[in-house]
Amino acid sequence: MRRFLLTRLAQAVLQLFAVGTIVFLLVRLIPGDPARAALGEGATEEQVAQTRETMHLNDSFVSQFFGFWGRLFQGDLGTSLLSSRPVMQDLPDRLGNSLELVLVSLIIAVTLGVLLGRVAATRADKPADHALVAGSIFGISLPVFVVGTLLLMVFAFLVPILPPQRFTTPWQDPVAHLQILILPVVTLTAASCAVITRMTRAAMLETLSADYVRTARSKGLAEQRVIKDHALRTALLPVASATTVELTTLIGSTVLVETIFGWPGVSSLLMSAVGQRDYPVIQAVVLAVAAVVILVNLVGDLVVRALDPRAEEA
Amino acid sequence: MTGAAAESAAEQDGAAPEAVLCVERLSVDFRVAGEWTPAVRDVSFTVGRGEVVALVGESGSGKSVSSMSVLGLVAGSARHRGSIRFHDTELLGLGHEALREVRGKRIAMIFQEPMTALNPVYTIGRQIAEAIRCHEKISAAGARARAIELLTKVGIPEPERRVDSYPHQLSGGQRQRAMIAMAISGNPEVIIADEPTTALDVTVQAEILELLRGLRRDLGSAVLIITHDMGVVADVADRVVVMKEGEVVEEAPVGRLFAAPEHEYTRRLLAAVPKPPPPPAMPSLAGVPPLPGEAEPVAVTRPETAVGVPPPTGAWPAGEDTTLRVRDLEVEYPGRLGRKGFKAVHGVDLTIGKGEVLGLVGESGSGKSTIGRAVVGLARATAGSVEVCGTDVTGLSGRRLRAFRPTYSMVFQDPGASLNPRLSIGDSIAAPLLVNRRADRAAAHARVAELLEQVELPAHWAGRFPHELSGGQRQRVGIARALALEPELLIADEPTSALDVSVQATVLRLFRELQDRLGFACLFISHDLGVVELLAHEVAVLQNGRLVEHGPAREVLTNPRTEYTKRLVAAAPVPDPVQQAERRRLWREMAAA
């Protein structure tokens, strides 16, 4: 396990380095002068010169590169060209808000998905299974923005039980926060939960007919124990791998969901930055999201590994 | 009283022991495509206290379904009729809770493949403890201590350490021992063992069967053993129930069944079994080494009576007619980044003359298949040379290797997996011809018809698909495909081990006839010494990737020189209870030595 952990950590570091380098190059690859591109047509020579200075565009390529990494290690992600505030001032809060959405959705999707998958598998080819399979197809096929918009229309306007509110943090007003959390989380959960339900169902249908499940029955174990301890436990291996992939999709969907529900996460920051060509902010957000994805994959791999003792020697 | 004496006493005891398990007129139907299809019809048999009853039959005979029905473990939508009584309790239709009381505690099961029958994500200790704790109120620590005790009883080395091992960390034999430990954890009155040794090497099989007899003796449990191997039957059973196509065709005490089988099917089944060589002469027993003439067996049925083909005769061709020459072959599978590789073959030398069959035997993991793969270039030789018809193939690659490949071909173990399910068998057989541009479509078509007739399949079957054929027929197709290019050398990797004995016998006969007629040289890889003796001129014995013995087949198998080969030969059970008892005695002495 230690060896695996070390290799995997080294890989993660390499991935982060690659992403950082791409982000660094991204700005430098813009045709013409990035500072002028950022400021637009009407900018004066003076403004352009000053922006070139803040973006360190006057240094040599090599020193720009090392400077970029050096500042990154000091936690300096640059200064927004629009607000002139350091990116680090806004990013953590925004990232926190986004991660809240993602993690809450993930926990619900996994719990519910595994539960429903188990129900479907143990009642295979019965009405409950048919209903769940049909429901999951529905959940998978509907795009996030359609679900989001529909939910918003129905519950915020037609039956206004969850009307749009100003964003409040959980420490300002937990109840209000919970209220505004519901719709975006439901939207995000729908698709992921459907995917995990189907994965669990398929994996369990396989493990339920496995020889070791028959062995467990032959020992005299109660059927519920057989299902939980033997069929479900081993079915979790493929489900855990799939969940890691699903989490990456979830992070992608968050961008849309945040926009639909006006959630102050990284995506609105990213959207406005892209619209205004605020390069330092774009760089910072891309880097942060990439770091999260890499971290998530690392944790996912470790979880899968911990669940399967056979992986130890492979 | 010694174990052997107790057993023979039990055998001679004329009165039938009190029946513990009584199956009466059991029928099991499966729902296939909306219709009830019978799998088992009116099956009746009993298992007496402390008795070993063997349920014998080929695949599809319903023996497993019958035994699974006892504990209600038949998968899917099955309909049971008749009666299965355990003492006075009717098990068919018993409620789930009541059935759980019987499962594991009073009737326990041992399954075929311990790798899949044990849960891969739990330690064996946990799985044994689970079996104990679902019938008994006992602390986790107490259950663990009992698990260690049980592992000691079934002869697992270092039980305190092994109790925390996962199934994949144990060898096949150890896994099956762990499975048995689990089965005996509740001191069951009946142990149902479903092909308990089929997945194991003969030497391990001998140990496991010995363990089962010991347990029967110590615990007094009755054993219902399901097997297709007549050698195993002769080794352990008191009474035999023969099943065919879902029905019982014969039931008799083991001695009578082998001496005077009544039913035609039983006779055929017994005749189909290739007989392993007689037990090796034991200098320790005889005192003096046997004279060459003494090695000639008297009681053992010779192979020719088994499949009606005389054994290989004649002298092997001289050196210059060598088809395959393997010199100092080493194969190492590379380890993952920065890790040591695994050396599967250590400096092996082999030669096969023109038209000669070399049997390559050894336990699983001994490197037999790796050598076969290295010869055809599927595994890379790390050192040494492999010359086929005078050309070193280890140095060939790409285009030149492809041009050379028609010189040899391969028959694989599982014909179901080695034929493309989407190609008709005619297309599969024609593929080597077309790929190597040896024939155009029309010529290939004619050749396919010819080949199909050679393997005794109707030529008009060319349009059929693998799933429409039985296992034996598929393997004939595999052989036809291998012969399409008239190879000089054929590599056959356990070609009959996936087949039933009666099917195996016909495939082996066909193989012998083709080899005689076409005269190809053959590297025949097998774990079954009976099969090897039947086909091979020479035998090479492998142990842990090293050649330990090599020589004319009959000599090696009847008069082995090395300990390893002796053990291998002694461990293979023969389908004859009297002889097998003698072999078992020899085996015990060898194991004790």
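Here the protein sequences line up with chains V and X, keeping their order.
Residues 5 to 318, numbered by my numbering, are exactly what the first sequence covers, in order.
Residues 24 to 616, numbered by my numbering, are exactly what the second sequence covers, in order.
From the three backbone atoms N, C-alpha and C, an ideal C-beta is built for every residue, glycine too.
Keep in mind that this is a model prediction, so the values were computed, not measured.
Return the first residue and the last residue of the beta strand (DSSP E) that residue i is part of.
i                      : result
residue 572 of chain X : 569-575
residue 366 of chain X : 365-376
residue 382 of chain X : 380-384
residue 132 of chain X : 130-133
residue 566 of chain X : 561-566
residue 53 of chain X  : 42-55
residue 512 of chain X : 512-516
residue 445 of chain X : Premise fails: residue 445 of chain X is in no beta strand (DSSP E) and is neither H nor E.
residue 352 of chain X : 345-356
residue 66 of chain X  : 58-71
Determine the direct distance from the alpha carbon of residue j to that of residue i, and round the result to whole angstroms.
i                      : j                      : result
residue 368 of chain X : residue 478 of chain X : 34 Å
residue 536 of chain X : residue 600 of chain X : 31 Å
residue 317 of chain X : residue 203 of chain X : Only weak support is given to the placement of residue 317 of chain X: the predicted model assigns it a pLDDT of 36, under 50, and the value that follows is read from those uncertain coordinates. Near 40 Å, if we compare the C-alpha coordinates of residue 203 of chain X and residue 317 of chain X.
residue 272 of chain X : residue 584 of chain X : 43 Å
residue 372 of chain X : residue 217 of chain X : 40 Å
residue 86 of chain V  : residue 17 of chain V  : 31 Å
residue 117 of chain V : residue 166 of chain V : 25 Å
residue 220 of chain X : residue 143 of chain X : 20 Å
residue 1 of chain V   : residue 207 of chain V : Because residue 1 of chain V is not part of the residues shown, which for chain V are 5 to 318, the question remains open.
residue 323 of chain X : residue 298 of chain X : With a pLDDT of only 34 at residue 323 of chain X, under 50, the local geometry of the prediction cannot be trusted, and the value read off the model is given with reservation. The straight-line gap from Cα to Cα measures roughly 8 Å.
residue 168 of chain V : residue 258 of chain V : 18 Å
residue 608 of chain X : residue 232 of chain X : 13 Å
residue 354 of chain X : residue 404 of chain X : 5 Å
residue 9 of chain V   : residue 215 of chain V : 32 Å
residue 174 of chain X : residue 129 of chain X : 20 Å
residue 384 of chain X : residue 135 of chain V : 55 Å
residue 660 of chain X : residue 79 of chain X  : The displayed coordinates of chain X run from 24 to 616. Any statement about residue 660 of chain X would go beyond what the structure contains.
residue 269 of chain V : residue 113 of chain V : 20 Å
residue 186 of chain V : residue 197 of chain V : 15 Å
residue 473 of chain X : residue 374 of chain X : 31 Å
residue 366 of chain X : residue 565 of chain X : 14 Å
residue 171 of chain V : residue 184 of chain V : 7 Å
residue 419 of chain X : residue 280 of chain X : 56 Å
residue 270 of chain X : residue 104 of chain X : 14 Å
residue 158 of chain X : residue 165 of chain X : 13 Å
Which two residues bound the contiguous alpha helix (DSSP H) that contains residue i?
i                      : result
residue 88 of chain X  : 86-93
residue 175 of chain X : 163-176
residue 134 of chain V : 131-145
residue 78 of chain X  : Per DSSP, residue 78 of chain X belongs to no alpha helix (DSSP H); it is in the beta strand (DSSP E), 75-79.
residue 490 of chain X : From DSSP, residue 490 of chain X is part of no alpha helix (DSSP H); its letter is neither H nor E.
Comparing alpha-carbon positions, which option in the options lies nearest residue i?
i                      : options                       : result
residue 136 of chain X : X:109, X:119, X:79 and X:198  : X:198
residue 487 of chain X : X:454, X:444 and X:515        : X:444
residue 291 of chain V : V:281, V:274 and V:190        : V:274
residue 119 of chain X : X:100, X:111, X:96 and X:101  : X:96
residue 453 of chain X : X:107, X:234, X:460 and X:471 : X:471
residue 281 of chain V : V:21, V:9, V:39 and V:160     : V:39
residue 203 of chain V : V:127, V:128, V:121 and V:151 : V:121
residue 431 of chain X : X:101, X:456 and X:509        : X:509
residue 213 of chain V : V:225, V:246, V:126 and V:272 : V:126
residue 14 of chain V  : V:313, V:308 and V:302        : V:302
residue 284 of chain V : V:92, V:51 and V:7            : V:92
Consider the C-beta atom of residue i and the heavy atoms of the ligand PLP; say whether any pair is separated by less than 8 Å.
i                     : result
residue 93 of chain X : Although the ligand PLP was asked about, the structure shown includes no ligands whatsoever.
Original post:
Along the stretch 215-227 of chain V, what residues have a CB closer than 9 Å to any CB found in chain X?
Top reply: Hits within the stretch, in order: 215, 216, 217, 218, 219, 220, 221, 222, 223, 224, 225, 226 and 227.
Subject >> Segments assigned beta strand (DSSP E), at least 3 residues, entirely inside the stretch 39-82 of chain V >> reply: Listed in chain order, there is nothing to give.
Original post:
In chain order, what residues of the stretch 135-151 of chain X put their CB closer than 7 Å to some CB of chain V?
Top reply: 136, 139, 140, 141, 142, 143 and 144
Original post:
What residues in the stretch 81-105 of chain X bring their beta carbon closer than 7 Å to a beta carbon of chain V?
Top reply: The residues in question are 94, 96 and 98.
Subject >> beta strand (DSSP E) segments (min. 3 residues) lying fully within the stretch 165-214 of chain V >> reply: none
**OP:** For the stretch 465-495 of chain X, enumerate the residues whose C-beta is nearer than 9 Å to any C-beta of chain V, in chain order.
**Re:** none
**OP:** Tell me the start and end of each unbroken alpha helix (DSSP H) in the stretch 375-436 of chain X that is at least 4 residues and wholly inside, in chain order.
**Re:** Positions of the alpha helix (DSSP H) runs, each at least 4 residues long and wholly inside the stretch 375-436 of chain X, are given as 391-398 and 421-427 in order along the chain.
**OP:** Check distances from the C-beta atoms of the stretch 151-169 of chain X to those of chain V and list, in chain order, the residues that come in under 8 Å.
**Re:** Answer in chain order: 153, 154, 157 and 158.
Original post:
Taking a cut of 7 Å between CB atoms, which residues from the stretch 187-203 of chain X lie near chain V?
Top reply: Listed by position, the residues of the stretch 187-203 of chain X near chain V (Cβ gap below 7 Å) are 189 and 191.
Subject >> Near-chain X residues of the stretch 232-248 of chain V (beta-carbon distance less than 7 Å), N- to C-terminal order >> reply: 234, 237 and 238
Original post:
Which residue spans inside the stretch 514-539 of chain X form an unbroken alpha helix (DSSP H) run of at least 4?
Top reply: none
Subject >> Interface positions of the stretch 305-316 of chain V facing chain X (Cβ-Cβ less than 9 Å), listed along the chain >> reply: Cβ contacts with chain X: 311, 312, 313, 314 and 316.
**OP:** Starting from the N-terminal side, write out each stretch of the alpha helix (DSSP H) that is 4 residues or longer and does not extend beyond the stretch 192-218 of chain X.
**Re:** 195-206
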